[in-house]
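Inspection log for the structure reproduced underneath, given as structure tokens.
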Amino acid sequence: YLINENEEEFNKTLNIVFKGDIRAFCTQYYHLVQQAASTGWCNSVGHLDVIKKYNYSNQYFDEQSLWYQELIYETLDVIKANKLKMEINTAGFIQPVGEAYPSPWIINAAIKRGIPIVMGSDSHVPETMGQYFDLAKVLPH
Numbered sequence: 553y554l555i556n557e558n559e560e561e562f563n564k565t566l567n568i569v570f571k572g573d574i575r576a577f578c579t580q581y582y583h584l585v586q587q588a589a590s591t592g593w594c595n596s597v598g599h600l601d602v603i604k605k606y607n608y609s610n611q612y613f614d615e616q617s618l619w620y621q622e623l624i625y626e627t628l629d630v631i632k633a634n635k636l637k638m639e640i641n642t643a644g645f646i647q648p649v650g651e652a653y654p655s656p657w658i659i660n661a662a663i664k665r666g667i668p669i670v671m672g673s674d675s676h677v678p679e680t681m682g683q684y685f686d687l688a689k690v691l692p693h
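Note that the numbering used here has the sequence shown beginning at 553, numbered continuously upward.
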């Protein structure tokens with residue numbers, strides 16, 4: 553699964569690689585994020601919960617489920633242990649999920665852990681620099 557894949561490719565990965573097991577898919581995804589955060593090769597983690605991109609209406613998983621929250625908390629602990637920052641990325645506002653990456657409850661959990669926050673708009677052209685930062689003002693801080 554790649555960050556920019558469409559929903560059809562997301563479903564193929566879920567159904568072929570993970571045999572329809574979204575919990576296994578999420579677990580693999582977050583374990584890879586944890587590994588990346590532990591390499592020493594980066595100073596921040598972006599798109600933390602991009603796996604939710606097509607999860608509008610909780611059609612794949614419930615972010616409030618204990619197993620999912622535990623994966624997030626484990627990942628945040630790895631980010632904190634490696635002294636990394638976490639990006640709030642506003643590109644999610646124009647994606648099917650319709651909210652920033654990560655979700656507000658994850659931002660709160662990061663702040664409680666003392667993880668520094670950086671902002672990103674996922675711009676690929678100068679005209680979209682800072683896009684939707686005004687919407688991010690209502691996020692936890």
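The beta carbon of each residue, even a glycine, is placed where N, CA and C say it ideally should be.
As the structure is a prediction and not an experimental result, all values here were calculated from the model.
Simplified DSSP assignment, three categories, for residue i
| i | result |
| --- | --- |
| Ile603 | helix |
| Val630 | helix |
| Ser596 | strand |
| Tyr684 | coil |
| Tyr653 | strand |
| Ser617 | coil |
| Tyr608 | helix |
| Pro648 | coil |
Spatial neighbours of residue i in its chain, beta-carbon cut-off 7 Å, leaving aside the 5 residues before and after
| i | result |
| --- | --- |
| Ser590 | Val630 and Asn634 |
| Glu651 | Gly644 and Phe645 |
| Asn598 | Just to set this straight, residue 598 is Gly in the shown sequence, not Asn. Excluding sequence neighbours, Gly598 sits near Glu639, Asn641 and Gly672. |
| Gln683 | Thr642, Ser673 and Ser675 |
Extent of the continuous beta strand (DSSP E) run through residue i
| i | result |
| --- | --- |
| Lys696 | A question about residue 696 goes unanswered here, because the residues of the chain that appear run from 553 up to 693. |
| Val670 | Ile669 to Gly672 |
Local Cβ density within 10 Å of residue i, reported as buried at 16 or more and exposed below that
| i | result |
| --- | --- |
| Cys578 | buried |
| Lys604 | buried |
| Ala576 | exposed |
| Leu687 | exposed |
| Pro654 | buried |
| Tyr620 | buried |
| Leu618 | exposed |
| Gln611 | exposed |
| Tyr608 | exposed |
| Val585 | buried |
Residues near residue i in its chain [Cβ-Cβ closer than 6 Å; skip 5 each side]
| i | result |
| --- | --- |
| Tyr606 | Glu559, Phe562 and Pro648 |
| Tyr581 | Ile603 |
Boundaries of the alpha helix (DSSP H) in which residue i is found, first to last residue
| i | result |
| --- | --- |
| Thr579 | Ile574 to Ala589 |
| Lys571 | Element bounds for Lys571: n/a, residue is neither H nor E. |
| Phe562 | Glu559 to Lys564 |
| Ile659 | Pro656 to Lys664 |
Chain-order list of residues whose beta-carbon lies under 8 Å from that of residue i (same chain, five-residue window excluded)
| i | result |
| --- | --- |
| Ile667 | Leu628, Ile631, Lys632, Leu636, Lys637 and Met638 |
Practice task
Spell out a yes or no on whether the stretch 618–630 and the stretch 656–675 are touching, meaning 3 or more CB-CB pairs, one atom from each, closer than 8 Å.
Solution key: As far as the Cβ criterion goes, the stretch 618–630 touches the stretch 656–675, which means the pair count is three or higher.
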